[in-house]
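To convert, count from 1 in the sequence shown and add 30; that's my numbering. Remarks on the structure that follows.
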Amino acid sequence: MVTPSPSFETRTADLLNELSQTGQTKYLRHITSPMGPTVILEDQGEVICLCSNNYLGLADHPAVISAGVQGLRKYGAGTASVRFICGTFDCHRDLEQTIARFCHTEAALTYVSCWCANEALLTTITLPGDVIFSDALNHASLIDGIRLTRKVDRAVYKHNDLADLERQLQNHMDKPVRWVVTDGVFSMEGDLANLPGLVTLCKKYDARLIVDDSHGTGALGVGGRGTPEHFNLLGQIDILTGTLGKALGGAAGGYVAASGQVIDLLIQRSRPSLFSNALPATVACSANKAIEIIEQEPQRMAKLTSNVAQLRQGLNKLGYPCPPAETSPTAIIPIIVGETADAIAKSQRLMELGVWVIGFGYPVVPQGQARLRIQVSAALEKDHIEKALDAFSKL
Ligand SMILES: Cc1ncc(COP(=O)(O)O)c(C=O)c1O
31 MVTPSPSFET RTADLLNELS QTGQTKYLRH ITSPMGPTVI LEDQGEVICL CSNNYLGLAD
91 HPAVISAGVQ GLRKYGAGTA SVRFICGTFD CHRDLEQTIA RFCHTEAALT YVSCWCANEA
151 LLTTITLPGD VIFSDALNHA SLIDGIRLTR KVDRAVYKHN DLADLERQLQ NHMDKPVRWV
211 VTDGVFSMEG DLANLPGLVT LCKKYDARLI VDDSHGTGAL GVGGRGTPEH FNLLGQIDIL
271 TGTLGKALGG AAGGYVAASG QVIDLLIQRS RPSLFSNALP ATVACSANKA IEIIEQEPQR
331 MAKLTSNVAQ LRQGLNKLGY PCPPAETSPT AIIPIIVGET ADAIAKSQRL MELGVWVIGF
391 GYPVVPQGQA RLRIQVSAAL EKDHIEKALD AFSKL
């Protein structure tokens, strides 16, 4: 007799119980204030926030809010349509022109998230027979985008290992198009892709380079233009993707910034824009304003850079293993603790001390590499940084 498989309800209950018993359950915390250097949590009161991607402190900037309100008043909630039918406002075009200018590309196209942008891009630009080379630690949205491509060869190269990538490129010289895909700043490690090395390899092996700079844009480079600016490679990356849901206003939305030809192809063929609505007008207006502020106020990037250096230095002094800003300039500082339950317990202890830092475990990071992930913002003042370091000293 065949043993019946457990029902959906049974297997789900088993999984949820297991997560709970091993201390791995994730809880959604409810915030009752805007996102800033501190936030008010419903169950905890005011805490210093070291877990948002609000790198430049623009999420609650008065001009960003006001642009969104004006957008909502002028355009209403949306066009109730996908873009090519009846769904593109002039504020979408304005935002896309701003993004292209900011990223030093010919054109840009927005999506409701960077997740969508990555899936749209990878499934549209590739054709059967092509090959995609993907860094082993790429973001989940790139991985899923690659999974959705059809009849495309997929090769994963070791994290940031250019020798491994080169070997694999050599084995695929017969493919019509070679695509190399990488994060600019790796979201869980906080390290940088070796963009100069990748650009050189792509030229040598006639491959196209795609960089998702969601954690670099508005967080690196003197002008906030991300990893390409940091490495003096503005205008030299074939295709950039990024999010509007982190430094660039923090609401939601994503984009592809590339040549006019790539953007034209996406407008004609990418399913997430052909079959799904545009960004809400209020979000488009807020994001546009956020980028304008970054362009006009380079001091925000300077403050972020200084805060990153202070936090990295302070954590080092306390004995936490974290590379200094000279070698690791990103605003993401992981502290590896090992087991998921330990990371969650440490994050809870920090919360009791008034500092909000998330503990990440499996499946977000590999088993045994659970970590606390600290994220720095230009909105943090000296006092916040000192209080945060004090909490880490007590941990
Ligand atoms: C590298 C990277 N790419 C893409 C995304 C997805 O961005 P969005 O929230 O706009 O979908 C994230 C978000 O965590 C990310 O870190």
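For every residue, glycine included, the Cβ atom is placed at its ideal position computed from N, Cα and C.
Query, Result
"Ligand 1 heavy atom lying under 7 Å from the CB of Asp183", "no"
"Enclosing alpha helix (DSSP H) for Gly227 [first to last residue]", "Leu225 to Lys234"
"Collapsed DSSP secondary structure at Leu71 in the structure displayed", "strand"
"Beta-carbon spacing of Ala249, Leu125 below 8 Å", "no"
"Option in Glu72, Thr68 and Gln54 with minimal Cα separation from His60", "Glu72"
"Proximity winner among Gln399, Ala97 and Pro92, relative to Met65 (alpha-carbon distances)", "Pro92"
"Alpha-carbon to alpha-carbon, Met31 and Gly284", "52 Å"
"Three-state class that DSSP yields for Asn201 in the structure shown", "coil"
"Beta-bridge pairing of Asn168 - partner residues as DSSP gives them", "Note: Asn168 sits in no beta bridge, so no partner."
"Leu58 versus Asn47, Thr68, Gln74 and Leu45, residue with shortest Cα-Cα distance", "Gln74"
"Where the beta strand (DSSP E) containing Leu139 begins and where it ends", "Ala137 to Tyr141"
"6 Å Cβ shell around Val335 - same chain, five flanking residues per side excluded", "What sits at residue 335 in the sequence shown is Thr, not Val. Here the set comprises nothing."
"Segments assigned beta strand (DSSP E), at least 3 residues, entirely inside the stretch 335-382", "362-368"
"Ser171: CB within 7 Å of a non-hydrogen atom of ligand 1", "yes"
"Residues of its chain near Tyr350, where Cβ-Cβ distance is below 6 Å and the 5 sequence neighbours each way are ignored", "Ile365"
"Residue ranges of each beta strand (DSSP E) within the stretch 246-297, 3 or longer", "269-273 and 284-288"
"Exposure of Arg180, with buried meaning 16 or more beta-carbon neighbours within 10 Å", "exposed"
"Neighbourhood of Gly198 by C-beta, 8 Å cutoff - its chain only, sequence neighbours within 5 removed", "The amino acid occupying residue 198 in the given sequence is Gln; Gly does not appear at that position. Cβ neighbours of Gln198 beyond the five flanking positions: Phe163, Ala185 and Tyr187."
"Where the alpha helix (DSSP H) through Leu102 begins and ends", "Pro92 to Tyr105"
"From Asn337, Pro158 and Ile388, residue whose alpha carbon lies closest to that of Lys205", "Pro158"
"Helix, strand or coil at Leu222 according to DSSP, with G and I counted as helix", "strand"
"Per-residue DSSP class, three states only, for Asp183", "strand"
"Closest by C-alpha distance to Ala223, when choosing among Arg208, Met203, Ile267 and His202", "Ile267"
"Where the alpha helix (DSSP H) through Val313 begins and ends", "Ala311 to Gln326"
"Neighbourhood of Arg123 by C-beta distance below 8 Å, restricted to the same chain and skipping five residues each side", "none"
"Short Cβ contact (8 Å threshold) for Gly108 with Glu149", "no"
"Proximity test, Gly284 beta-carbon vs ligand 1 heavy atom, cut-off 7 Å", "yes"
"Counted within 10 angstroms of its Cβ, other Cβ atoms place Gly315 as buried (16 or more) or exposed", "The amino acid at residue 315 is misidentified as Gly; the sequence shows Cys. With 16 or more other Cβ atoms within 10 Å, it is buried."
"Beta-bridge pairing of Glu126 - partner residues as DSSP gives them", "None; Glu126 has no bridge partner."
"Start-to-end residues for the alpha helix (DSSP H) that takes in Thr42", "Phe38 to Gln51"
"Run of the alpha helix (DSSP H) containing Phe114, from where it starts to where it stops", "Arg113 to Cys116"
"DSSP state of Glu196 mapped onto helix, strand, coil", "helix"
"Ser50: CB within 7 Å of a non-hydrogen atom of ligand 1", "no"
"Beta strand (DSSP E) segment containing Ile240, residue limits", "Ala237 to Asp242"
"Beta-carbon spacing of Leu402, Val385 below 8 Å", "no"
"Asp194 versus Asp120 - alpha carbon distance", "45 Å"
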